[in-house]
Amino acid sequence: MSKKRIIYEGKAKILYEGPEPGTLIQYFKDDATAFNAQKRAVLDGKGVLNNRISEFMMTRLSAVGIPTHFIRRLNMREQLVKKVDIIPLEVVVRNVAAGTLSKRLGIEEGQVLPRPMVEFYLKDDALGDPLVTEEHIAAFGWATAQEYEDLISLSLRVNDFMSGLFAAVGIRLVDFKLEFGRYYEGDNEIPRILLADEISPDSCRLWDFETGDKLDKDRFRRDLGGVTEAYAEVARRLGILKESGETDNVVSFNGGK
Ligand code: TMP
1 MSKKRIIYEG KAKILYEGPE PGTLIQYFKD DATAFNAQKR AVLDGKGVLN NRISEFMMTR
61 LSAVGIPTHF IRRLNMREQL VKKVDIIPLE VVVRNVAAGT LSKRLGIEEG QVLPRPMVEF
121 YLKDDALGDP LVTEEHIAAF GWATAQEYED LISLSLRVND FMSGLFAAVG IRLVDFKLEF
181 GRYYEGDNEI PRILLADEIS PDSCRLWDFE TGDKLDKDRF RRDLGGVTEA YAEVARRLGI
241 LKESGETDNV VSFNGGK
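What follows is the structure in structure tokens.
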């Protein structure tokens, strides 16, 4: 593990001071939590897989014009990223009813939504990341009106691109969570909004199109087993892990399945 100074430690990642000003090293842990960290486990190899999957997604998104914090992957568990001020909102995009949308509104899980929906949650563990509205965001200044519009349009572009990317490998992108940050460049007073954090099966719901099998963190939340195997399957389908042998290596490298 890196000996660098810890800037921030979250539930699944650690941010270290980067090698140059304006950079950070994002380290992916094997720790998994759910239900606001009431449920915890260590899933051998998860961090390695999420590092690779997130690298893949950020690189592809950047190639289609979505600005991201990702600079490059450094090793099995670390990537170099631009240092941003995280906007204290989790942006969730949903294509199919599941999770808290189903629970809150009584919409049957699996129902295709009439259109993609964008929701905002306040990043506050003590409050359990509550759902917030545009009114709250504006009144409390969590994002400016322009940033709010940008978050919605960027998130919908991410959704369009990732839905197609996953569909091409037989995976339905049910919903996902994004985080964004403000990046201050040069003398510009108005920061650029960059897609930050990670995109991985920890932050998405991914269902096999044919079987409906869950290939995401719901396997952990719902005690379905085979969590890292499902993440490895996502990586394999995306072409990140070419051979099933390599999948085994990545998982077993970190202590077996
Ligand atoms: P939800 O249905 O529980 O609100 O989750 C919506 C999406 O957001 C789902 O893909 C999982 C993801 N998510 C996170 O990445 N982090 C979180 O803390 C939560 C609650 C959800």
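UniProt numbering applies: residue 1 is where the sequence shown begins, and numbers increase by one.
Beta carbons: idealized from backbone N, C-alpha and C, even for Gly.
Only a predicted model underlies this, so the values are computations on that prediction, with no experimental measurement involved.
Same chain only: Cβ atoms within 7 Å of ASP150, ignoring 5 sequence neighbours per side: Looking up residue 150 in the sequence shown gives position 150. The beta carbon of ASP150 lies closer than 7 Å to those of ILE193 in the same chain, with the five residues before and after it left out.
Three or more C-beta pairs below 8 Å linking the stretch 84-94 and the stretch 36-47: no
LEU206 versus ILE199 - alpha carbon distance: Locating residue 206 in the sequence shown gives position 206, counting from the first residue. Locating residue 199 in the sequence shown gives position 199, counting from the first residue. Whole-angstrom Cα-Cα distance: 12 Å.
Where GLU108 falls, given that 16 or more other Cβ within 10 Å makes a residue buried: The residue given as residue 108 occupies position 108 in the sequence shown. Under this definition GLU108 is an exposed residue.
Sheet register partners of MET117 (DSSP bridge): As a working note, residue 117 is residue 117 in the sequence shown. According to DSSP, MET117 bridges with ARG94.
Closer than 7 Å: ARG52 CB and nearest ligand 1 heavy atom: Counted from its first residue, the sequence shown places residue 52 at position 52. False, no ligand heavy atom lies under 7 Å from that Cβ.
Neighbourhood of THR23 by C-beta, 8 Å cutoff - its chain only, sequence neighbours within 5 removed: As a first step, residue 23 is located in the sequence shown; it is residue number 23 there, counting from the start. If we look at THR23 and ignore the five residues flanking it on each side, its Cβ neighbours are ILE71, LEU80, VAL81, LYS82, LYS83.
Distance, THR211 Cα to LYS13 Cα: The sequence position of residue 13 within the sequence shown is 13, counting from 1. The sequence position of residue 211 within the sequence shown is 211, counting from 1. Approximately 31 Å, taken between the alpha carbons.
Distance between PRO191 and LEU49 (C-alpha atoms, nearest Å): Position 49 of the sequence shown, counting from 1, holds the residue named residue 49. Position 191 of the sequence shown, counting from 1, holds the residue named residue 191. Taken atom to atom, the span from the alpha-carbon of LEU49 to that of PRO191 is near 31 Å.
Minimum length 4: unbroken alpha helix (DSSP H) runs contained in the stretch 19-64: Runs of the alpha helix (DSSP H) inside the stretch 19-64: 46-63.
Inter-stretch contact at 8 Å, needing at least 3 Cβ pairs: the stretch 182-190 / the stretch 152-162: no
N-terminal and C-terminal residue of the alpha helix (DSSP H) that GLU134 is part of: Against the sequence shown, residue 134 aligns to sequence position 134. It spans 134-139 - the alpha helix (DSSP H) in which GLU134 sits, taken as one unbroken run.
DSSP bridge partner residues for PHE180 (one or two, in chain order): Against the sequence shown, residue 180 aligns to sequence position 180. Looking at the DSSP assignment, PHE180 forms a beta bridge with LEU195.
The beta strand (DSSP E) enclosing LYS13, as first and last residue numbers: Taking the sequence shown and counting its residues from 1, the one referred to as residue 13 is at position 13. It spans 13-17 - the beta strand (DSSP E) in which LYS13 sits, taken as one unbroken run.
Option nearest LEU122 by Cα separation, candidates HIS136, GLY99, PRO21, ASN75: Here the question's residue 122 lines up with position 122 in the sequence shown. For the residues HIS136, GLY99, PRO21, ASN75, the minimum Cα distance to LEU122 belongs to HIS136.
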